[in-house]
Every structure is written in C-alpha cells, then in structure tokens.
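Read through the structure below, which is laid out as structure tokens, and then see the notes.
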Amino acid sequence: MKKLIASTIFAAISASFIFASGVENKTNLSTGYLRNPSRNTENERPEAAFYNIAGTAFLKEGLWIGGGNQFVFKEYSNKLDTNNSYSALGIKDYEATDDTNVYLYPDLNAVYKKGRWSIFSNFGVYAGGGSLSYENGTSATSLLFLGGANDQKAIATKAAFAAGAAKSKWADVVSSNFGGSEEDALAYIKSEAGKTSDAKALYDNMTSYNAEYSEYAQAATASLAMASDHSLDVTSITYGIQLGAAYLVTDWLSLSAAYRYTIGTQDMTLKCNKNGIIYAEKNSSGNVIASTAKTFADLNGGSNKISYDAVGYGQSMVFGIHAKPPVVPKLDLSLQYQTLSRIEYNVDNVKGDIAQYYDITNDKNFRTDLPAVLNLGAGYHVLDNLYVSTSFNYYFNDFAHQDSILSETDYDNSWEVALGVDYRFCKYVGASIGASYGNQGTTDTSNSSFNPVLDNVVIGGGFEIYPTDKLTVSLSCLYANYFDTDYYLGSKSDSTKTVLSKDVINAGIGITYHFN
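Our numbering puts the first residue of the sequence shown at 2, with every later residue one more than the last.
Written out as structure tokens, the structure reads:
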C-alpha cells in the first residue's frame, strides 16, 4: 500500500492554491485577472508586464506604477470513499476539508516607456500562495501512514522470526560450548580470543535482529496512530521578480524579452492527535512491561509532530511579440513564451523520528518545476470605448519535473481559453467582464488530495475608477466553478477512491499611477 500511495502523496505541497491550468503555473498574477481573465493582449495598463511583455512598448510614455492585493475565500475537500475498507484498522471513510482563507496576496508592477523602448519589472506569486489546514488530515495522508504501518509491521515480523532462530542457535552454542552458562559465553565473546569467534558473530546477529524488530514494531505502531488521528498543515509560496525590456521595431510591431528569478518555499506539519500509551512491550508471560510503555511522542523523538521546511530557486526567460497589423486597424495579436523554470528544493529542519521511514530527511533534494507556457492572444476595439479579447494558454507539463518530497508525479499537458470585454462608460468609470475554461493535465491517478487540481469555469468582473487622468483604482471579483472528480490513490482495484472538490471566490483591489 505504501508504495502505491507514495506515488501520489505530497504532490500538492508544491501545487498552486488558487488558479493553475498548468498544475503549477499561476494565472491570477494580478488583480486585473479577476476583472477579466483574458489578459494576453493587454497593452494599455502596466500589468502587461505580467501577461504580455511586448505590449508594454505600446503604453503611453512615462512611468507607470501598479499594485494590488487579492483576498481568497476557499474551501477544498477530499472524501475517502472505500466502503469503509479500513475500518478494522481505525480508519473509516470521511470527508476532510480546508477553509483557510488568504488575505495577503500582493502583486506589484512598474513600466517606464520612452520613445520606442520600454523597461518593465514585476513582483508576484507565480505558484502556491497560501496555506492549507486539515484538522482531520486527508485521505492521502491517512492511507500513506496506514501503508507505512503495514510495511513496517512486515519488516518487524520478519526480524522477529530471524531473531527467534538466532536465539535458538545461540542457546545451542551456550549449552554445548559453555556448559549452559550464558555468563561464561558473554565473557568469552568479550575476550580477545572471542572477539572474532563464530559465537560472537551469532550473538551480534541475534542482537541486531532484536533491535530491528523493536525499531520497526514501534514505527508501525506510531504510523498506525498517525493514520487514524492526525492533522495536516501545509504552506507553499513561489514568488519571484521579473525584469525586461521591449522595443518597437516598427510602429505596429514590438519584440520583448525578460529574465525571471523565482524562490519557492514549502513547509509541512503533520500532528498526531493520539494521546496516552500507544505502544507497550510484553514479557514472555504476555504481561505489559510498564517501563517500556510509550506514547507517540516517545516513539517520535519527544514530539507529536512530523515537519520539514524546503526552499528552491529557479530562473527562466520570457519572450514576447505584439502586433497591431496596419491592414486591420484596431486589431491586437500577441504571442508570449515562458521557458521552463527548473526549481530544485532542498529539505531542511526535519523534525520527528518517524519522518525517516517516509524518506523525509535533511538535505534531500527534489524538483518541482514551473513548466514552459505558450500564451496567445487576439483583441479588437469594436468601438473606441469597447474592447473584446480572447486568450489561450498552453502548459507543457510533460517536459517538466513536478515531483514532491516523496515521489515523482506525472501530469499531462494542459490548457485554458478565455474571452473578455472591457468597456469605458465615461471619463471616470470603466467595467470589465470575462470568463475562461481550464482543462487540467490530471488523470484519475494523478492529482492531489491536499489541493485538488480540477477542470474549471471561471467568471470574473469588476470596475475601474479614474479619479484623475493619472490615477486608476480597480475593484474586482471572480468566482471559480470546479468540477468534482474521482481520484484513485494507487489503483481502482485497491478501492482507494477519493472524491475531490473545491470552491473559490477571489476579490481584489488595485491601484495604478501614471507619472508623465
């Protein structure tokens, strides 16, 4: 069981917590996305530094500064649906939920336009961006520790048989060579002559098997306790800064390039809620040896938690083209390509002795890349104050390592398409509305119980207010409708079915100022 679950567990520790049709890559990079998800032809606002870097060359001259914050109200859910196959082990089917809201999700952008050149920069959250808190754990973590307990119990049982066989042989040696005196036998193997004897090797073998039995029997008990009653907290944020320039090759065509540097941070805490004695060795009469009675904390190095931190760094390039073909006035065409960002995480600050049985160790490395993305866009000014646009994003997940601390995770390529409208009512007020559909690169055995990755329909809208010619204030809101899906932890024949679902509402406020 552990080997089956390990291929899927913890994949969401690095996954995005808001919108991500590329599994990792974020799309809500600025508050403008909430107002209108079709952003790929943006060339009138400085948020083009996120979505259409070549479009910055068409901005009005001067310095543009923009920023905003998003408020994320979410509920994630995963329901274990196995017909109570594991109830005899203390794990009944249940629904785990997370409703941790996010109140700080900032973005910042700046563009300086002069002549044919523009220089731009931005700061944003490119993946992750929030916390998950499951008071009752998740289906994946419950099955992971259950599988671990079974594996560890099997090792302990094998060691017990081996220890028994070695003990029998040791008894024969003591009887035949030392007149039945174990004290004489021990004294001999400690002597200079006995240090390399067959008796010494046999005794060490018996001692080693006994130690292995005790170690894995205790680990199995601790794992089962964690499986049956635990909580989970995960935080993952990949933020970064981007710097680039765009140039107007002609009055209607611009080219652009940018460098992006990202920093990914992760932390996870699993807490066992079992109280009291969970493990007690017994003597030959079957009575508990009180001096060896242990709680989960005793078995876990003095703590009831397993936790770790990880950090990784990545670099990538972004290239863009924006055209306003003179043969079709008021038409915008854009193409942007983001290269793969290779992010290798290094694990640190591991706490909890039980963590080692799940290969969670200090200095372990694993990769969770941000895949390459192709962004296409087309927009048209139907009227001077009415702009219609469409956007298409394609994520090359197949060419990226999107692994977790425990295993490799395989996702297919994914895509999303969006359509939006921007309308300016008057000098002081404008409005936008848009919608998108995202087709995720998941399968029924590649997903996440922590952070469900689901196909979705997104609808957003908002207002722009222009108190002066230089100042813009935007208010926006977005609703994401996700489609529930079945997810199998292992294979369908194992009856480890989980039903994934989530609901997300985003609200945002942004401010832009134009110094000219």
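Cβ atoms here follow ideal geometry from the backbone N, Cα and C, with glycine treated the same way. Please read all numbers here as calculations on a predicted model, not as lab measurements.
Give me the residue from the options with the minimum Cα distance to residue i.
i	options	result
Pro453	Gly129, Thr222, Ile278	Gly129
Phe527	Asn84, Tyr260, Leu254, Ser232	In the structure displayed, the chain extends from 2 to 517; residue 527 sits before or after that span and is not available.
Val312	Tyr483, Pro327, Asn274, Gly265	Gly265
Lys275	Thr251, Ser232, Glu282	Ser232
Val389	Ala419, Asp404, Asn398	Ala419
Leu490	Gly321, Ser255, Val500	Val500
Gln316	Ser198, Gln337, Ala226, Leu244	Leu244
His382	Pro372, Ala373, Gln403, Asp333	Asp333
Val348	Gln357, Ser342, Thr340	Gln357
Ser39	Asp485, Asp152, Val458	Val458
Phe59	Val250, Ala432, Tyr309, Asp354	Val250
Ser342	Tyr262, Thr391, Leu271, Ile307	Tyr262
Tyr309	Tyr280, Glu76, Thr236, Tyr424	Thr236
Asp1	Asp423, Val374, Ser392, Phe393	A query on residue 1 cannot be resolved here, the shown segment of the chain reaching from 2 to 517 and no further.
Trp171	Lys272, Ile190, Gln153	Ile190
Gly241	Glu417, Asn376, Phe51, Asp423	Phe51
Leu225	Leu145, Glu62, Leu254, Asn53	Leu145
Leu35	Ser335, Asp108, Ile120, Tyr113	Asp108
Ile460	Phe451, Cys478, Val175, Thr444	Cys478
Tyr359	Leu105, Ala111, Ala150, Ala186	Ala150
Val505	Thr486, Thr101, Pro468, Gly63	Thr101
Pro326	Ile307, Gly353, Gly380, Asp364	Gly380
Contact check, residue i vs residue j under 8 Å by CB: the rounded distance?
i	j	result
Ser415	Tyr438	That belief does not hold up - the Cβ atoms of Ser415 and Tyr438 are roughly 11 Å apart, past 8 Å.
Leu472	Tyr514	6 Å
Asp413	Gly442	4 Å
Met318	Ala258	7 Å
Gly69	Ile512	7 Å
Ile510	Leu476	6 Å
Leu42	Gly378	Leu is not the amino acid found at residue 42; the sequence shown has Thr there. Confirmed, Cβ separation roughly 4 Å.
Ile355	Ser229	Wrong, their Cβ atoms sit about 14 Å apart, outside the cutoff.
Thr270	Ala281	Incorrect: roughly 27 Å between the Cβ atoms, too far for contact.
Ser86	Ala247	Rounded, the Cβ-Cβ distance is 58 Å, inconsistent with contact.
Ala157	Tyr217	4 Å
Determine the DSSP secondary structure at residue i, reduced to helix, strand or coil.
i	result
Glu45	coil
Val418	strand
Val454	coil
Leu490	coil
Ser143	helix
Ala7	Because the pLDDT at Ala7 is just 47, under 50, the model does not fix this residue reliably, and the value given afterwards should be weighed accordingly. Three-state DSSP puts Ala7 in a helix.
Thr391	strand
Ser502	strand
Gln219	helix
Tyr240	strand
Ser224	helix
Ala58	helix
Gln441	coil
Ile190	helix
Ala167	helix
Glu184	helix
Gly195	helix
Thr513	strand
For residue i, count neighbouring Cβ atoms within 10 angstroms of its own Cβ and tell me buried if that reaches 16, exposed if not.
i	result
Asp99	buried
Ala166	exposed
Ile466	exposed
Glu48	buried
Ser31	buried
Arg117	exposed
Glu409	exposed
Phe1	Because residue 1 is not part of the residues shown, which for the chain are 2 to 517, the question remains open.
Ile406	buried
Asn386	exposed
Ser182	exposed
Thr523	No information on residue 523 is available, as it lies outside the stretch 2 to 517 that the chain covers here.
Gly277	exposed
Gly321	buried
Lys503	buried
Asn394	buried
Phe516	exposed
Gly1	Only positions 2 to 517 of the chain appear in this structure, which leaves residue 1 out of reach.
Lys115	exposed
With DSSP as the reference, please indicate the residues paired to residue i in a beta bridge.
i	result
Trp118	Lys115, Tyr248
Thr293	Looking at the DSSP assignment, Thr293 forms no beta bridge with any residue, so it has no partner.
Ile307	Leu271
Trp253	Partner(s): none; Trp253 has no beta bridge.
Glu96	Lys80
Asn211	According to DSSP, which records beta bridges pairwise, Asn211 is partnered with nothing at all.
Thr263	Gly241, Gly315
Arg425	Gly431
Pro330	BP columns for Pro330 are empty, so no partner.
Asp234	Ser134, Thr270
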